[in-house]
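Report on the structure given below.
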Amino acid sequence: MRLLITGLLAAAVTASVLGQQAAAAEPTLITPEVLIADPGAKPEQVQAQTLAARRYATFWSSGDPALARQALAPDFMDRALPPGRAQGIAGPLAASTAFHAAVPDLNCEVRQMIVSGDRVVSFLRFTGHFTGTFNGVKGQGQAVNFIATDIYRIADGRIAENWHLEDNLTFLQQIGVIAP
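Add 821 to the 1-based position in the sequence shown for this note's numbering, that's all there is to it.
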């Protein structure tokens, strides 16, 4: 089964899905630069899947906990839980607070989003400036620019599980915690 919707069909599905989401009384959500959907997926399914993922990406960019609560299922499970992070919704909320304290102008872009079945894969780019504090290190305005990939399982329109990988080495080198 091919995952890629091509040409005009992709543009039509993307415009339809994202346009319908914008019409619903939502804050301005991050829009993926590229959306790839299973050609057999119904537009309503793609809309529900991408809505949860876009809310979550916008949460990381804005730090707005209401968006995390809208995006994540009440029994959300982080399947790549870093040491010391709480399981469930509390984990991303605490991580976002700490990250925004280090990089107050944090911006998250969704470079690519792939939707198939109950899964959404998001390829993300984070940018900003390290002007706050991270693990006791005070920023000097260093530019931050690193990537992450998330795999979400969506259930009932919310992210029920997340497998993620961030380029933490690049981030730590950019802020001067680890030598390049």
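The beta-carbon is built from N, C-alpha and C at its ideal position, and this holds for glycine as well. Note that the structure is predicted; figures quoted are calculated from it, not measured.
Let's see if you can read the secondary structure: which residues bound the beta strand (DSSP E) around residue i?
| i | result |
| --- | --- |
| Asn989 | Where Asn989 is concerned, there is no enclosing beta strand (DSSP E), although the alpha helix (DSSP H) it sits in stretches over Asn989 to Gln995. |
| Ala933 | At residue 933 the sequence reads Gln, which differs from the Ala that was named. Per DSSP, Gln933 belongs to the beta strand (DSSP E) from Asn928 to Ser937. |
| Leu888 | Here Leu888 belongs to no beta strand (DSSP E); instead the alpha helix (DSSP H) covers Pro886 to Ala892. |
| Ala964 | Gln963 to Ala976 |
| Ala907 | It is not in any beta strand (DSSP E) - Ala907 carries neither H nor E in the DSSP assignment. |
| Asp858 | With the sequence shown as reference, residue 858 is identified as Ala, and Asp is not the correct amino acid for it. Element bounds for Ala858: Leu856 to Ala858. |
Taking 8 Å as the limit between beta carbons, can you name the residues of its chain near residue i, skipping five residues before and five after?
| i | result |
| --- | --- |
| Leu990 | Ile999 |
| Met898 | Gln908, Gly909, Ala981, Glu982 and Asn983 |
| Ala976 | Ala894 and Asp939 |
| Gln994 | Ala1000 and Pro1001 |
| Ala901 | Asn983, Trp984, His985 and Leu986 |
| Ser917 | Phe880, Trp881, Gly884, Pro886 and Ala889 |
| Ala869 | Ile975 and Gly978 |
| Leu914 | Pro886 and Ala889 |
For residue i, which residues from the same chain have a beta carbon less than 6 Å from its beta carbon, with the 5 sequence-adjacent residues on both sides left out?
| i | result |
| --- | --- |
| Asn966 | Thr948 |
| Ile972 | Val942 and Trp984 |
| Glu930 | Arg946 |
| Glu987 | Ala969 |
| Arg875 | Leu850 and Ile851 |
| Ala845 | The predicted model places Ala845 with a pLDDT of 49, which falls under 50 and marks its position as unreliable, so this point remains unresolved. |
| Phe992 | Phe967 |
| Gly960 | Phe951, Thr952 and Gly953 |
If I measure Cβ to Cβ from residue i and keep anything under 7 Å in the same chain, skipping five residues before and after, which residues do I get?
| i | result |
| --- | --- |
| His921 | Gly884 and Leu927 |
| Arg890 | Ile910 |
Taking residue i as part of the alpha helix (DSSP H), name the residues at either end of that continuous run.
| i | result |
| --- | --- |
| Arg946 | Here Arg946 belongs to no alpha helix (DSSP H); instead the beta strand (DSSP E) covers Arg940 to Phe951. |
| Ala869 | Pro864 to Ser883 |
With residue i and residue j assumed to form a contact (beta carbons below 8 Å), what rounded beta-carbon distance in angstroms separates them?
| i | j | result |
| --- | --- | --- |
| Arg946 | Ile968 | 5 Å |
| Ala873 | Gly938 | Going by Cβ atoms, the distance from Ala873 to Gly938 rounds to 14 Å, so no, they are not a contact pair. |
| Gly957 | Val924 | Not really, about 15 Å apart at Cβ, beyond 8 Å. |
| Gln963 | Phe951 | 5 Å |
Of all Cβ atoms in chain D, is any one closer than 8 Å to the Cβ of residue i?
| i | result |
| --- | --- |
| Pro1001 | Protein chain content of the structure displayed is limited to a single chain, and chain D is not contained in it. |
For this session: Report yes or no: do three or more beta-carbon pairs, one from the region 932-944 and one from the region 882-900, lie closer than 8 Å?
Result: no
For this session: Mind the definition here: the region 899-912 touches the region 870-885 only if three or more C-beta pairs lie below 8 Å; say whether that holds.
Result: When C-beta atoms of the region 899-912 are compared with those of the region 870-885, fewer than three pairs fall below 8 Å, so the two segments do not count as touching.
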